[in-house]
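Residue numbers 179 to 316, in the working numbering, belong to the letters of the sequence shown in order. Please read the structure below before turning to the comments.
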Amino acid sequence: MERGDLNLLNTYKVEIESLKQLLEAQEQAVFEQAVLLEEKMNELKNRMQDLEDSRRAIKNTAEDLTESKEILEYQKKSLEDVNKELDDFTYIVSHDLKEPLRSIDAYSKFIIDDYKDKLGEEGKHYLERVRANTERMK
Numbered sequence: 179m180e181r182g183d184l185n186l187l188n189t190y191k192v193e194i195e196s197l198k199q200l201l202e203a204q205e206q207a208v209f210e211q212a213v214l215l216e217e218k219m220n221e222l223k224n225r226m227q228d229l230e231d232s233r234r235a236i237k238n239t240a241e242d243l244t245e246s247k248e249i250l251e252y253q254k255k256s257l258e259d260v261n262k263e264l265d266d267f268t269y270i271v272s273h274d275l276k277e278p279l280r281s282i283d284a285y286s287k288f289i290i291d292d293y294k295d296k297l298g299e300e301g302k303h304y305l306e307r308v309r310a311n312t313e314r315m316k
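What follows is the structure, given as C-alpha cells:
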C-alpha cells in the first residue's frame with residue numbers, strides 16, 4: 179500500500195474511532211434518559227394509584243354522608259310526627275282542663291257573692307286564692 183493510502187486509512191480509523199465514542203456517548207445519554215423516563219413512569223403510576231385511592235375514599239365518604247342524611251331525614255320526620263302528636267295532645271288536654279277551671283272559678287265567685295256575709299275572713303281568703311289559681315291556670 180502506498181503512503182497516501184495509509185494516511186487515508188489512518189484518517190478513517192481516527193474518524194471511525196471518534197464516531198464510535200460519539201455513538202457510545204449518545205447510547206449512554208439515551209440509557210440515562212430511559213432510566214429517568216422509567217422513574218417518572220413509576221412516579222406517575224404511584225400518583226395514579228394514590229388518586230384512585232383518594233377517589234374511592236371520597237366516594238365512600240359521599241355514600242356515608244348520603245346514608246347519614248337519609249337517616250337524619252327519617253329521624254327528623256319521626257320527631258316532627260311525635261311533636262305534632264304532642265301538640266295535639268297538649269291542645270286537647272288544655273281544652274279539656276279549661277272548662278272545669280271555668281266552673282271552679284264561677285262557683286267560687288258565686289259562693290263569695292252569695293255567702294260573703296256568712297264567710298269568715300279565712301273562707302274568703304281561700305276562695306280568692308282558688309279564683310286566683312284558676313285564673314293563673316287558664
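Where a beta carbon is used, it is the ideal one built from N, C-alpha and C, also for glycine. Predicted, not measured: the structure shown is a model, and the values here were computed from it.
Alpha-carbon spacing of residue i relative to residue j, whole angstroms
i	j	result
residue 209	residue 197	18 Å
residue 246	residue 255	14 Å
residue 234	residue 228	10 Å
residue 220	residue 214	10 Å
residue 249	residue 240	14 Å
residue 230	residue 224	10 Å
residue 259	residue 270	17 Å
residue 185	residue 204	28 Å
residue 297	residue 282	18 Å
residue 303	residue 251	55 Å
residue 181	residue 194	20 Å
residue 263	residue 309	32 Å
residue 244	residue 280	53 Å
residue 265	residue 284	28 Å
residue 189	residue 212	34 Å
residue 277	residue 286	14 Å
residue 216	residue 200	24 Å
Cβ-heavy atom distance, residue i to the ligand ATP, below 7 Å
i	result
residue 283	With respect to the ligand ATP, the structure shown offers nothing to examine, as it has no ligands at all.
Burial state of residue i, where buried means 16 or more other Cβ atoms lie within 10 Å
i	result
residue 272	exposed
residue 232	exposed
residue 268	exposed
residue 305	buried
| Taking the runs of the alpha helix (DSSP H) that are 4 residues or longer, which of them lie wholly in the segment 263-315? | Counting only runs of 4 or more, we get 299-315.
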